[in-house]
Amino acid sequence: MVTIFLIILIGLVLFIIIKRINKINQKLPTEPFPANWRAILVQRINFYNALDVDEKKRFEYEVQKFLLNTKITGIETTVSLTDTLLVASGAIIPIFGFPEWDYLNLNEVILYPTLFNEKHETGGDDRMISGMVGNGYMSGKMILSKTSLHHGFSNLSDRQNVAIHEFTHLIDKADGGIDGIPKVLMNNQPTLPWFNLILKNIEEIYQDESDINPYGATDPSEFLPIATEYFFERPKLMQQKHPDLYQAMEIIFNQKMADRHLQNLGKQKPGRNSPCSCGSGKKYKLCCGK
Numbered sequence: 001m002v003t004i005f006l007i008i009l010i011g012l013v014l015f016i017i018i019k020r021i022n023k024i025n026q027k028l029p030t031e032p033f034p035a036n037w038r039a040i041l042v043q044r045i046n047f048y049n050a051l052d053v054d055e056k057k058r059f060e061y062e063v064q065k066f067l068l069n070t071k072i073t074g075i076e077t078t079v080s081l082t083d084t085l086l087v088a089s090g091a092i093i094p095i096f097g098f099p100e101w102d103y104l105n106l107n108e109v110i111l112y113p114t115l116f117n118e119k120h121e122t123g124g125d126d127r128m129i130s131g132m133v134g135n136g137y138m139s140g141k142m143i144l145s146k147t148s149l150h151h152g153f154s155n156l157s158d159r160q161n162v163a164i165h166e167f168t169h170l171i172d173k174a175d176g177g178i179d180g181i182p183k184v185l186m187n188n189q190p191t192l193p194w195f196n197l198i199l200k201n202i203e204e205i206y207q208d209e210s211d212i213n214p215y216g217a218t219d220p221s222e223f224l225p226i227a228t229e230y231f232f233e234r235p236k237l238m239q240q241k242h243p244d245l246y247q248a249m250e251i252i253f254n255q256k257m258a259d260r261h262l263q264n265l266g267k268q269k270p271g272r273n274s275p276c277s278c279g280s281g282k283k284y285k286l287c288c289g290k
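The sequence shown begins at 1 in our numbering and counts up one residue at a time.
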């Protein structure tokens, strides 16, 4: 018994040491945020456009830092600048309330052109997977469907965003296991009330008394990312229909999403004479639209 305890203790110590080494070795942005990057955020990221000027600067910095430390690889597809910025935005949105957070358990995001199966094949009729956090030999990697990635940032009304979904899994995994309880964000809060709230909402889904995506009833580990997609895409609706759940999510993610003004931008581009959404006070054509 003592031997097992020592092994677990040594494992935890090594895990903490490795995390600290990774933190020390992180690359930090030294260049200004590129204007063409900002233009893509303005056109595609609803969350970014709902931030104030200072928050936008911090979001940009976190996006840069994420991309300096995380490789984005395309398999059977090319990777565009827009692809990389959508991935990075999906990473930053759920942890924006925690400026010190870094994804130390991730080094690469792999993009497949479309849905894939459990064998990572992109052909055939059994392609049902749009995203996955790697385990075993794939540890430290995430796989996303490129088409699903773009869809997630093109439609707020469906409360589906595969990038936010998978990065929520990664946050959940940071405490050692994917169980629907993101202890690393909960700051020593009691976990039982949150778990009971999960079970209550899952039961409502089973009873067809909820508008939450039924996939969330699969398991508590899937309920968390499903609820997170809802929280970041339709916060006012969640606050109205699921006030207890909204309040819990607000505390977990340290963000008052219902206070933000989210617009379903889709792929609309602002007029060249419109005020630039980056907050500079200039016209779009003289700022991010150059």
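Just so you know, even glycine gets a beta-carbon here, dropped at the ideal spot from N, CA and C. The structure displayed is predicted, hence computed values, not measured ones.
Please report the residue range of the beta strand (DSSP E) in which residue i lies.
i      : result
THR73  : 71-74
LEU156 : Where LEU156 is concerned, there is no enclosing beta strand (DSSP E), given that its DSSP letter is neither H nor E.
MET142 : 141-145
Reducing DSSP to helix, strand and coil, say where residue i ends up.
i      : result
GLU108 : strand
ILE181 : coil
PHE116 : strand
ASN254 : coil
MET249 : helix
LYS176 : The sequence given here places Gly at residue 176; Lys does not occur at that position. Looking at GLY176 - three-state DSSP - the assignment turns out to be coil, as it is neither helix nor strand.
ARG260 : coil
LEU28  : coil
GLY123 : coil
THR168 : helix
HIS150 : helix
TRP101 : coil
ASP211 : coil
MET128 : coil
PRO243 : helix
ASP52  : coil
GLN43  : helix
GLN189 : coil
Over what stretch of residues does the alpha helix (DSSP H) that includes residue i continue unbroken?
i      : result
GLY131 : Not the alpha helix (DSSP H): GLY131 falls in the beta strand (DSSP E), residues 131-133.
ILE226 : 220-233
ALA217 : Looking at the DSSP string, ALA217 is not in any alpha helix (DSSP H), and its letter there is neither H nor E.
LYS200 : 192-206
PRO88  : Here residue 88 is Ala; the residue named in the question, Pro, does not match the sequence. 81-92 is the span of the alpha helix (DSSP H), which, as asked, contains ALA88.
ASN46  : 46-49
Near residue i, which residues of its chain fall below 6 angstroms by C-beta distance, leaving aside the five closest residues on each side in sequence?
i      : result
ASN69  : GLN26 and LYS27
ALA91  : PHE66 and PHE167
ARG159 : GLU229, TYR230, GLU233 and ARG234
PHE47  : ILE93
ARG260 : ALA50
SER145 : TYR112, THR114, LEU115 and SER130
Ordered along the chain, which non-local residues of its own chain (more than five positions away) have a Cβ less than 7 angstroms from that of residue i?
i      : result
LYS241 : ASP211
ASN135 : none
TRP101 : ILE95
LEU197 : ASP244, LEU245 and ALA248
PHE33  : GLU60 and GLN64
Across the stretch 71-80 and the stretch 102-109, are there enough close Cβ pairs to call them in contact, namely three or more that are closer than 8 angstroms? yes
Does the pairing of the stretch 179-189 with the stretch 251-258 give three or more beta-carbon distances under 8 angstroms? yes
Can at least three beta-carbon pairs, one atom from the stretch 215-228 and one from the stretch 159-178, be found at a separation below 8 angstroms? yes
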